[in-house]
Amino acid sequence: MSHSSIYRRLAELPIFSSASFISGHRISIESSVRDHVNNVKRSFIQEAGILESPGTSSSSTRSSWLSTPIERSESIVARLISPSGARTAILKETSGTPKKRFVEIWKGDAAELIVETTSRHGPFYGDATFSSLCFSPKEDALLYTAEAKAPEEDPKDPFHKFTFREQYGEQFIDRRSPTLFWLRWDPSRANLRENDEDGKPISQLVQVSPTFPNPPSLLPGSHALNDPPVFSLGQATFASRSGRSVIATAYLRTAGDRKLGIVYCANRPSMIVRLTFPDTPLEAASKEDDKEKKKRIEEATVECRSLFSEFPSRSPRVWFPPTESEITTSKFKNPVAIWISSAKEPHGSCARLHMMTLPSDEELCATGGWESTTNGNQSTSQVETVIDSVWEPPCPVDEGGFPGLYINQLPPSPFLFLDGVLHATCVSSWGCSQDLLVIRLEKDYVEPPLSANANPPASYVHGARKHEVHRLQLRSRSCTSFVACDGRSKIVAVASTLTEPNEVYVTDIHGSNIKGASWTKITNIGDRAKELTDGLEGKVTTITGHEPTQTIYIRLANAELQPLVTFPHGGPHSVTPSTFSPEVVAFALSGYTISCPNYRGSLGYGQRWVEELLGKIGRLDVDDVMASTNQLIEAGLGKKGLGMQLYMGGSHGGFLGAHVIGQFPSFFSAAILRNPVINVPAMYATTDIPDWTTVECGIPYDPNAVLTPQQYETLYKMSPIQYVDKVVTPVLLRIGDVDQRVPPSQGKEYYHLLRARGMGEKVQMLWYPENSHPLDKVEAERSGWDASLAWFKKYGGEQVYNE
3 MSHSSIYRRL
13 AELPIFSSAS
23 FISGHRISIE
33 SSVRDHVNNV
43 KRSFIQEAGI
53 LESPGTSSSS
63 TRSSWLSTPI
73 ERSESIVARL
83 ISPSGARTAI
93 LKETSGTPKK
103 RFVEIWKGDA
113 AELIVETTSR
123 HGPFYGDATF
133 SSLCFSPKED
143 ALLYTAEAKA
153 PEEDPKDPFH
163 KFTFREQYGE
173 QFIDRRSPTL
183 FWLRWDPSRA
193 NLRENDEDGK
203 PISQLVQVSP
213 TFPNPPSLLP
223 GSHALNDPPV
233 FSLGQATFAS
243 RSGRSVIATA
253 YLRTAGDRKL
263 GIVYCANRPS
273 MIVRLTFPDT
283 PLEAASKEDD
293 KEKKKRIEEA
303 TVECRSLFSE
313 FPSRSPRVWF
323 PPTESEITTS
333 KFKNPVAIWI
343 SSAKEPHGSC
353 ARLHMMTLPS
363 DEELCATGGW
373 ESTTNGNQST
383 SQVETVIDSV
393 WEPPCPVDEG
403 GFPGLYINQL
413 PPSPFLFLDG
423 VLHATCVSSW
433 GCSQDLLVIR
443 LEKDYVEPPL
453 SANANPPASY
463 VHGARKHEVH
473 RLQLRSRSCT
483 SFVACDGRSK
493 IVAVASTLTE
503 PNEVYVTDIH
513 GSNIKGASWT
523 KITNIGDRAK
533 ELTDGLEGKV
543 TTITGHEPTQ
553 TIYIRLANAE
563 LQPLVTFPHG
573 GPHSVTPSTF
583 SPEVVAFALS
593 GYTISCPNYR
603 GSLGYGQRWV
613 EELLGKIGRL
623 DVDDVMASTN
633 QLIEAGLGKK
643 GLGMQLYMGG
653 SHGGFLGAHV
663 IGQFPSFFSA
673 AILRNPVINV
683 PAMYATTDIP
693 DWTTVECGIP
703 YDPNAVLTPQ
713 QYETLYKMSP
723 IQYVDKVVTP
733 VLLRIGDVDQ
743 RVPPSQGKEY
753 YHLLRARGMG
763 EKVQMLWYPE
773 NSHPLDKVEA
783 ERSGWDASLA
793 WFKKYGGEQV
803 YNE
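Each step along the sequence shown adds one to the number in the numbering used here, with nothing skipped, and position 622 is 624.
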């Protein structure tokens, strides 16, 4: 089998993207598959069933069945199963011209409601940042996010269509005004029509227009913001059983009305807000209604109130207590909200988990609002920090030291209710691992005494707050990539290892025995690649003298000395976990040892090491990367010399690559740089994240400021462009032409400068149309892998390349 065929075979394995419980014993699973014939990613849906054998709950065994995958229509933007499992909401957009949009509610196999929304708004949002797809507890209302209709053109203004309207940057091209919509319907009368036989409306779609009458002191010490605040709502979720109360994330714009790039950036100015919808009967606008009445019916101006604005916050989730008979032992009789927050700088950091008890509908009716409601002796408006930011683990992460939480978003359904005690789940980086954590939200737990020389157990948070944290691995040395819960005791999760592809697992936790959870595997994807991956070995090693820097390496077991490819992650505040990567595994099967260093600045080691890199890029991270390579050489996993040291990396990994081939001109025999940062000061005015260019260089970001010549010099001295005269290593550049994060001009400038210095054919640039920063379209991924292998073949050790 050719090396290219190996890559295709691995890359075409299904990637499980989400799962949800339909019932206690049925699970809906969604996956995507790369189609290399049509160069598209195709989505599939399948169901799994869990069968319990007879016996006691603690001794019963589970088996499972898995249905044949069914392809999900390309017209479906988002899909959600209701909490009861009885209904499914679908946001659909047709592919024709003009495009049409529909919201569909299905009950079982029957359509309960279909509403065309084409005239009401633009494209739906289905991403994790802005999407708000959520059923009300009674399943008679739905929240979702869509692009607002563009302002109508003024016939008297000939320049209206050229007016600048800023978008949200990388991966949000043409997305400018995410807007919250509230769809209500009467399930007892729903029959696909807008009105019943008597002409009474069955459903109503309302555009939510939020206002901030009394804005708080917003995010002190962060970026200067618009005043009064200008914001967009996302991640909205119902916060009361009646469906009238809602909490959401409000994303704010900086001074100058700037929308900073938001994808991969956890520190964007944002807060958790609450809204209260009007308690009005269903009413629909007819064609005969005048404009004022139609606007009143179809658009609701709703006041926003801040729940939490101390740190940039996101990802609110709400738990509703089960029946009274099931909560007698719980402290929580009311709904509970949780969310996460991050440091104001840098883009990635150690997160905090916050919790708040919400007022019930009865309390809201009795008091007339949130401010005065109480729950016993505890104010329901009091926010508790469940898990705080961790500066440094009490002991190394490999010895169980808890490094804090590193979460982009909380799971859509994170809650467990075990023996009357509420828990939340999440997936978080822990050094080179990525683990499923189960966090006890009630705080009556007392940490057991430890001997003087004992390390704190990994199950407990280090510090004053005594919320129990369980770290679960689904199989030996596995990393978890997704988790969902049924709200009670069941968890479905996806996990992989360095050498084994992702699989879906399920467990049912009995009582409070979290650590004793027994996992049932319900997929067998690994069987398709077992003959290829059985000969691989993957390990993690700590880099001596550069702690906590670690590197993950993967190679053919018992192979002779192979070329060593150094492959750091981007960010820089990101991390390479020990998960299955078709790209990396295919290179290992092609005769390379791949090393993925997590240098200082990476996530999963404590906030101290995140901030350690600020003001030191191009030096500290370069030192760690080179130290990781040299340590593997000393360990006999590589050697210096022509064709034996190779490099590849993207974004900040490309930045590091341009640094190392400039600072160590004779060390690497070939380099592949994907969308690399080359000239930091030149990127300041062209990237969607100008704050990255200053903060990473040790200069606070001020959207009102103009860079001084001294600051330009500081940014330049941390840029790899300063070493361009020393580069002799053959360089392959891979550039996405719609990259908003690292503009294509960065790679182009480097290409022309190297060509002008006589590099000739030793510098090549591949240009990928319609590809953004990740270069993740199917053809770009495949072509990029093949081109990278060809580049390494051309300039690396030829003796290992016989196919």
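Ideal Cβ placement from N, Cα and C applies to all residues, glycine included. Please read these numbers as outputs of a predicted model, since none were measured by experiment.
**Request:** Please check the pair T631 and S597, which I expect to be a contact at CB under 8 Å, by giving their CB distance rounded to whole angstroms.
**Result:** Numbered from 1 along the sequence shown, position 629 holds the residue referred to as residue 631. Numbered from 1 along the sequence shown, position 595 holds the residue referred to as residue 597. Going by Cβ atoms, the distance from T631 to S597 rounds to 7 Å, so yes, they are a contact pair.
**Prompt:** What does D437 pair with, by DSSP beta-bridge criteria?
**Reply:** Within the sequence shown, the letter at position 435 stands for residue 437. In the DSSP output, where bridge partners are listed per residue, D437 has S430.
**Request:** Using a threshold of 8 Å, state whether the C-beta atoms of I342 and S315 are closer than that.
**Result:** Along the sequence shown, one-based indexing puts residue 342 at 340. Along the sequence shown, one-based indexing puts residue 315 at 313. For I342 and S315, yes; Cβs fall inside 8 Å.
**Item:** Residue nearest to K94 in terms of C-alpha spacing, selected from I107, S84, R610
**Value:** As a first step, residue 94 must be located in the sequence shown, where it is residue number 92. When only C-alpha atoms are compared, the closest one is I107.
**Item:** Touch test, the stretch 694-702 against the stretch 607-625, Cβ-Cβ under 8 Å, three pairs minimum
**Value:** yes
**Message:** Any contact between the stretch 412-425 and the stretch 472-486? By contact I mean 3 or more CB pairs, one from each, below 8 Å.
**Reply:** yes
**Request:** Find out if the Cβ-Cβ distance for the pair L438, L407 is shorter than 8 Å.
**Result:** Translated into positions along the sequence shown, residue 438 becomes position 436. Translated into positions along the sequence shown, residue 407 becomes position 405. No, they are not a contact pair.
**Nearest-angstrom Cα separation, counted from P550 out to F233** = Translated into positions along the sequence shown, residue 233 becomes position 231. Translated into positions along the sequence shown, residue 550 becomes position 548. Going from the Cα of F233 to the Cα of P550 covers about 39 Å.
**Request:** Using 10 angstroms around the beta-carbon of N504, count the other beta-carbons present and answer buried if the total reaches 16, otherwise exposed.
**Result:** What you label residue 504 is simply residue 502 of the sequence shown in a count that begins at 1. Burial call: buried.
**Prompt:** Quick one: is M358 buried, meaning 16 or more other Cβ sit within 10 Å of its Cβ, or exposed?
**Reply:** The residue you call residue 358 lines up with position 356 of the sequence shown. It is buried - the Cβ of M358 has at least 16 other Cβ atoms within 10 Å.
**Prompt:** Do you know offhand how far L566's Cα is from V733's?
**Reply:** Here residue 566 is taken as the residue at index 564 of the sequence shown, counted from 1. Here residue 733 is taken as the residue at index 731 of the sequence shown, counted from 1. C-alpha separation (whole angstroms): 17 Å.
**Request:** State buried or exposed for G760, treating a residue as buried only when at least 16 other CB atoms are found within 10 Å of its CB.
**Result:** Translated into positions along the sequence shown, residue 760 becomes position 758. G760 is exposed by the Cβ-count criterion.
**Asked** Can you name, in chain order, every residue of its own chain whose Cβ lies under 6 Å from the Cβ of F126, other than the five neighbours on each side?
**Response** Numbered from its first residue, the sequence shown carries residue 126 at position 124. Excluding sequence neighbours, F126 sits near V79, L93, A148.
**Message:** On the DSSP bridge list, what partners appear for G652?
**Reply:** Counting from 1 along the sequence shown, the entry for residue 652 is found at position 650. Answer by DSSP bridge pairing, in chain order: R676.
**Prompt:** Whole-angstrom Cβ separation of K523 and Y507, contact assumed at under 8 Å?
**Reply:** Position 521 of the sequence shown, counted from the first residue, corresponds to residue 523. Position 505 of the sequence shown, counted from the first residue, corresponds to residue 507. That belief holds up - the Cβ atoms of K523 and Y507 are roughly 5 Å apart, short of 8 Å.
**Item:** the stretch 270-284 / the stretch 306-324 touching (three or more Cβ pairs under 8 Å)
**Value:** yes
**Asked** By Cβ distance, which residues of its chain are closer than 8 Å to F46, with the 5 residues on each side in sequence left out?
**Response** Against the sequence shown, residue 46 aligns to sequence position 44. Excluding positions up to five away in sequence, the list reads P16, E32, S33, S34, V35, P71, I72, E73, R74.
**Item:** Pair within 8 Å by beta-carbon distance, T689 and P745
**Value:** Along the sequence shown, read from residue 1 onward, the residue named residue 689 stands at position 687. Along the sequence shown, read from residue 1 onward, the residue named residue 745 stands at position 743. The answer is yes: Cβ separation under 8 Å.
**Message:** Let me check understanding here. Comparing Cα to Cα, which of P722, D727, P683 lies closest to T710?
**Reply:** For the purposes of this step, residue 710 is identified with residue 708 of the sequence shown, where counting begins at 1. Nearest of P722, D727, P683 to T710, Cα basis: P683.
**Request:** Note down the Cα distance separating G645 from V627, rounded to an integer number of angstroms.
**Result:** The count along the sequence shown starts at 1 and reaches residue 645 at position 643. The count along the sequence shown starts at 1 and reaches residue 627 at position 625. Each residue's Cα considered, the two are about 19 Å apart.
**Prompt:** Which parts of the stretch 471-558 are runs of the alpha helix (DSSP H), unbroken and 4 residues or longer, counting only runs that do not cross its ends?
**Reply:** 532-535
**Request:** Compare the C-alpha of H356 against each of P153, T499, H469 and name the closest.
**Result:** Here residue 356 refers to the residue found at position 354 of the sequence shown. The residue with the shortest Cα to Cα distance from H356 is H469.
**Request:** Output the boundary residues of the beta strand (DSSP E) element that contains Y770.
**Result:** The residue labelled residue 770 in the question sits at position 768 within the sequence shown. Here the beta strand (DSSP E) through Y770 covers 765-770.
**Message:** Quick test of your reading: S351 and N269, contact by CB under 8 Å. State the CB separation rounded to the nearest angstrom.
**Reply:** Counted from its first residue, the sequence shown places residue 351 at position 349. Counted from its first residue, the sequence shown places residue 269 at position 267. About 7 Å; that satisfies the 8 Å criterion.
**Asked** So is F161 buried or exposed if we call it buried at 16+ other beta carbons inside 10 Å?
**Response** Translated into positions along the sequence shown, residue 161 becomes position 159. Answer is exposed; the Cβ neighbour count stays below 16.
**Message:** Let me confirm a value: H571 is counted as buried when at least 16 other C-beta atoms fall within 10 Å, else exposed. Which label applies?
**Reply:** Reading the sequence shown from its first residue, position 569 is the one you call residue 571. With 16 or more other Cβ atoms within 10 Å, it is buried.
**Message:** Tell me which residues share the same chain as A590 and place their Cβ nearer than 7 Å to its Cβ, disregarding the 5 neighbours each side in the sequence.
**Reply:** On the sequence shown, position 588 is the one that residue 590 refers to. Taken in chain order, the residues that qualify are L538, I556, R557, L558, I596.
**Asked** Name the DSSP bridge partner or partners of V105?
**Response** Within the sequence shown, the letter at position 103 stands for residue 105. Answer is L93, V117.
**Message:** Taking its Cβ as the centre, do 16 or more other Cβ atoms sit within 10 Å of H464, making it buried, or is it exposed?
**Reply:** Within the sequence shown, numbered from 1, the residue matching residue 464 stands at position 462. At H464 the pLDDT is 39, less than 50, meaning the model places this residue with poor confidence; the figure from the coordinates comes in the next sentence. Classification of H464: buried, given that the 10 Å Cβ count is 16 or more.
**Request:** Determine the DSSP secondary structure at W787, reduced to helix, strand or coil.
**Result:** Taking the sequence shown and counting its residues from 1, the one referred to as residue 787 is at position 785. Three-state result, W787: helix.
**Message:** I believe I554 touches S576 by the beta-carbon criterion, under 8 Å. Please report the beta-carbon distance rounded to the nearest angstrom.
**Reply:** As a first step, residue 554 must be located in the sequence shown, where it is residue number 552. As a first step, residue 576 must be located in the sequence shown, where it is residue number 574. About 14 Å separates the two Cβ atoms, so there is no contact after all.
**Request:** Determine the direct distance from the alpha carbon of E172 to that of G652, and round the result to whole angstroms.
**Result:** Counted from its first residue, the sequence shown places residue 652 at position 650. Counted from its first residue, the sequence shown places residue 172 at position 170. Going by the C-alpha atoms only, they are around 15 Å apart.
**Item:** Terminal residues of the beta strand (DSSP E) in which S19 lies
**Value:** Numbered from 1 along the sequence shown, position 17 holds the residue referred to as residue 19. Here the beta strand (DSSP E) through S19 covers 17-25.
**Prompt:** If we call anything under 8 Å between Cβ atoms a contact, is R354 one with D390?
**Reply:** Here residue 354 corresponds to residue number 352 of the sequence shown, with the count starting at 1. Here residue 390 corresponds to residue number 388 of the sequence shown, with the count starting at 1. A contact, by the Cβ cut-off of 8 Å.
**Message:** Please state the DSSP three-state secondary structure of K335.
**Reply:** Taking the first residue of the sequence shown as position 1, residue 335 is located at position 333. Three-state DSSP puts K335 in coil, outside helix and strand.
**Prompt:** For H356, which beta-bridge partners are listed by DSSP?
**Reply:** Indexing the sequence shown from 1 puts residue 356 at position 354. Answer is W341, T387, bridged to H356.
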